[in-house]
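Undergrad:
In my numbering, the protein residues as written are 18 to 179.
(1) For residue 100, count neighbouring C-beta atoms within 10 Å of its own C-beta (all shown protein chains included) and say buried if the count is 16 or more, exposed if not.
(2) My output table needs one value for residue 87: the three-state DSSP class, helix, strand or coil.
(3) Rounded to the nearest angstrom, what separates residue 50 and residue 87 at their Cα positions?
(4) Using the beta-carbon count (16 or more within 10 Å), is residue 148 buried or exposed?
(5) DSSP three-state label for residue 46, please.
(6) From what residue to what residue does the alpha helix (DSSP H) around residue 33 run?
(7) DSSP puts residue 98 in a beta bridge; with which residues?
(8) Counting C-beta neighbours from all protein chains within 10 Å, is the total for residue 18 16 or more, i.e. buried, or is it exposed?
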């Protein structure tokens, strides 16, 4: 299920810590799994747990605590919209609702073409730039107006169709 190449990457991450603290590499190993598989399944959690000498539940607790780990397959583009209180006060919820209407899905769903998954997020740490969203856990988008949302979604859709 997890390639030998990924396990070599696990080893590089584990090597960054003292031998008795290899469990500290759990987040990096989960990120590697997600890069390879697109999400972190319970089976892959078990592989990480065995590799790091952890209880499977301890790995699962990490996976479920952080929203950057996908626990099921997601679309090509995962859109996380911050709806924490500061962002709510600056149109975060309106941004989420706008995207639900534009994409024709509800929060937590994936478009039928597999292109977009829409999620709400707790704090993305950019309150002054709200409404904010994170694309594929890597690209922060700030001050998201309906026009900017249209431009982003349409641009991603065009790029994804290539």
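From the three backbone atoms N, C-alpha and C, an ideal C-beta is built for every residue, glycine too.
TA: Answer, in terms of the structure:
(1) By the neighbour-count rule (16 or more Cβ atoms within 10 Å), residue 100 is buried.
(2) Three-state result, residue 87: coil.
(3) A direct Cα-to-Cα measurement between residue 50 and residue 87 gives close to 10 Å.
(4) Flag for residue 148 reads buried.
(5) The three-state reading of DSSP puts residue 46 in helix, counting H, G and I together.
(6) Unbroken run through residue 33: none, as it is neither H nor E.
(7) Note: residue 98 sits in a beta bridge opposite 137, 150.
(8) Residue 18 should be labelled exposed.
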